[in-house]
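The next block holds one structure in the form of C-alpha cells; read it before the comments.
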C-alpha cells in the first residue's frame, strides 16, 4: 500500500464526489469550517463555485504554517517515517499511526531545542487571559495601575 500524498484540493474533491455523486446533492446552501475546515471552504469556493451558495471560512489564514503548528506537523511526519515498516511509504499492510501522535514530553525547553535544530520560526507569543478566579475577584473593583 503506497502512503498517500494528498492536499486540501484532494480532500475537497472527495467531499464533492460524496455529496454530489453518491448522495445526489445538487447544491449546498453553506460551506462553513474552522481551522482546516476553513481552508477547505476556501478551496470549495475556488473549485466548485456553482455548487455552493455561501462560504463561511472561520479561524484560518491562507498562509504557510509557522511555530508550534509546524513543529507538531514535523513531529507527526518524523514519527511516521521512523516506523521500521515505513519503507519509504510502501507499507506491506495497514499500520496504526500511533507513532504520529504528539508526545507529552514536548515541554518548552524541548520545543525550543526542536525548533532551533530544524529551522522552524517561533510562533507569535500568546496573550494570556486572566483566569476565571481572578476575574471573579476583580468584579466590581476599579482597576489598579
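In the numbering used here, the protein residues as written are -4 to 140. Ideal Cβ positions, reconstructed from N, Cα and C, are used throughout, including at glycine. On a predicted model such as this, the values are computed, not experimentally measured, just so you know.
query = Roughly how many angstroms lie between the CA atoms of residue 44 and residue 11, to the nearest whole one?
reply = C-alpha separation (whole angstroms): 11 Å.
ask   = By how many angstroms is the C-alpha of residue 47 removed from the C-alpha of residue 22?
value = 6 Å
inquiry  = With the cut-off set at 9 Å, would you say residue 25 and residue 50 are in Cβ contact?
reply    = yes
task = Inspect the beta-carbon positions of residue 42 and residue 8 and report whether they are closer than 9 Å.
result = Yes.
task = Let me know the beta strand (DSSP E) ranges lying completely inside the stretch 14 to 81, each 3 residues or longer, listed in chain order.
result = Annotation: the stretch 14 to 81 contains the following complete segments of the beta strand (DSSP E) (minimum length 3 residues), in chain order: 26 to 29 and 50 to 53.
request  = Between the Cα of residue 2 and those of 20, 27, 19 and 31, spot the shortest distance and give me the residue it belongs to.
outcome  = Nearest C-alpha to residue 2: 31.
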